[in-house]
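So that you can map any letter, position 142 of the sequence shown is 275 in the working numbering, and since no number is skipped, the others follow by simple counting. No residue lacks a Cβ here, since even glycine has one placed at the ideal position from N, Cα and C. Every value quoted in this text rests on a predicted model; they were computed, and no experiment measured them.
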Amino acid sequence: MKKVVGITFKPSGKVYDFDCGAFVLNRDDCVIVQTEKGLGFGTVALPPVPFDERPPCKPLKKVFRLAGEKDFLQRNKNIETEKKGHSYCLKCIKELGLNMNLFSVEKSFDSSKLTFFFTSDGRVDFRQLVKMLVKELGARVEMRQVGIRNQAKMCGGIGRCGRAICCSAFLEKFGHVSIRMAKEQNLSLNPTKISGLCGRLMCCLKFEYETYLALKKKFPKIDKTVKTSDGKGKVVRHNVISSRITIRREDGQEMETTFDKLENERNL
134 MKKVVGITFK
144 PSGKVYDFDC
154 GAFVLNRDDC
164 VIVQTEKGLG
174 FGTVALPPVP
184 FDERPPCKPL
194 KKVFRLAGEK
204 DFLQRNKNIE
214 TEKKGHSYCL
224 KCIKELGLNM
234 NLFSVEKSFD
244 SSKLTFFFTS
254 DGRVDFRQLV
264 KMLVKELGAR
274 VEMRQVGIRN
284 QAKMCGGIGR
294 CGRAICCSAF
304 LEKFGHVSIR
314 MAKEQNLSLN
324 PTKISGLCGR
334 LMCCLKFEYE
344 TYLALKKKFP
354 KIDKTVKTSD
364 GKGKVVRHNV
374 ISSRITIRRE
384 DGQEMETTFD
394 KLENERNL
């Protein structure tokens, strides 16, 4: 019976599904897996279960073998090389006066390539930098410029909700997020309150947006005149979650009432 196992490549990182084949694996076991970039060193985050219980949405790559002593030595060696590459690259960036923010260095498990991730406001001519890195580190070098949201996804962190940020925990790709989504949910438009660690609008604004739109369809629109037992008034605010609306009466006073009380004699 085929089984699927969840593998993570970084502590608290995203979990990827693999075909575990005939291997008997437990949580926290270290394995070598086949990836698009070659062999990779990963840790079992979700124990194997039959395909029927967690059916994959696409063909899975396989677990190559259990990690051995040589694999652990190789991983530790790669980590040291990454630290050395990061430190040396920062030194070269300062020396060359390049306008770039280096935030991560990753070495392929087979030690054939080093990838340097950075952000920048514009294009960067890093040809001389690459020459210096290749000469010092003796490996193939790739410079990869990413957006600020990708930086947050790769580095991870804790959001204002107290949980790991969505992009590093489970989001596979970034969706479109707009200020309108915050407005529809009656959230404060203060940028410091609706922005994530990346400085962009929080991805979670999109999660409940469609629900808010669906619930608001039964509410009278803002500035709509409605009639209640206490008289006429204009709708000034919605509280979608509690199904309540705030009405400003003709005498200027505001009152909050439940949406149900407007069902029989709602709009004028």
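Here's the rule I'm using: 16 or more other beta-carbon atoms within 10 Å means buried, otherwise exposed. How should residue i be labelled?
i	result
residue 400	Confidence at residue 400 is low in this model, with a pLDDT of 47, below 50, so its placement is unreliable and the value that follows should be read with caution. Exposed, since its Cβ has fewer than 16 Cβ neighbours within 10 Å.
residue 134	exposed
residue 391	exposed
residue 335	buried
residue 113	Missing from the structure shown is residue 113; the chain here goes from 134 to 401 and no further.
residue 242	buried
residue 267	exposed
residue 131	Missing from the structure shown is residue 131; the chain here goes from 134 to 401 and no further.
residue 158	buried
residue 347	exposed
residue 301	buried
residue 312	exposed
residue 262	buried
residue 414	No statement about residue 414 is possible, as the shown extent of the chain runs from 134 to 401 and does not include it.
residue 206	exposed
residue 317	buried
residue 322	exposed
residue 190	exposed
Check residue i in the structure and name its three-state DSSP category.
i	result
residue 398	At residue 398 the pLDDT is 46, less than 50, meaning the model places this residue with poor confidence; the figure from the coordinates comes in the next sentence. Three-state DSSP puts residue 398 in coil, outside helix and strand.
residue 388	strand
residue 152	strand
residue 321	coil
residue 428	Limits of the chain in this structure are 134 at one end and 401 at the other, which puts residue 428 out of reach.
residue 201	coil
residue 220	helix
residue 402	Given a span of 134 to 401 for the chain in the structure shown, any question on residue 402 remains unanswerable.
residue 350	coil
residue 260	helix
residue 170	coil
residue 270	helix
residue 333	coil
residue 275	strand
residue 209	helix
residue 142	coil
residue 291	strand
residue 306	coil
residue 158	coil
residue 129	Because residue 129 is not part of the residues shown, which for the chain are 134 to 401, the question remains open.
Alpha helix (DSSP H) containing residue i: first to last residue?
i	result
residue 317	312-317
residue 365	Looking at the DSSP string, residue 365 is not in any alpha helix (DSSP H); the run it does join, the beta strand (DSSP E), is 364-372.
residue 282	281-288
Assuming residue i is part of the beta strand (DSSP E), what are its boundary residues?
i	result
residue 298	First-last for residue 298: undefined, no H or E at that position.
residue 378	377-382
Taking the DSSP output, what are the residues bridged to residue i?
i	result
residue 175	164
residue 183	136
residue 195	152
residue 239	248
residue 360	365
residue 234	252
For chain B, find out if any of its Cβ atoms is closer than 7 angstroms to the Cβ of residue i; answer yes or no.
i	result
residue 179	The structure shown contains no chain B, having only a single protein chain.
Contact between the stretch 320-331 and the stretch 275-292: three or more CB pairs below 8 angstroms?
Here the stretch 320-331 lies against the stretch 275-292, with 3 or more beta-carbon pairs under 8 angstroms apart.
Determine, using beta-carbon pairs with one atom in the stretch 207-223 and one in the stretch 236-254, whether at least three such pairs fall under 8 angstroms.
The way I'd put it, the stretch 207-223 does touch the stretch 236-254; three or more beta-carbon pairs between them come closer than 8 angstroms.
Counting pairs of Cβ atoms below 8 angstroms between the stretch 150-158 and the stretch 185-205, do you hit three or more?
Touching, yes.
Any chance the stretch 379-390 sits against the stretch 355-369, with 3 or more Cβ pairs inside 8 angstroms?
With the cut-off at 8 angstroms, the stretch 379-390 and the stretch 355-369 touch.
Give a yes or no on contact between the stretch 207-218 and the stretch 179-186, applying the rule of three or more CB pairs nearer than 8 angstroms.
No: fewer than three Cβ pairs fall under 8 angstroms.
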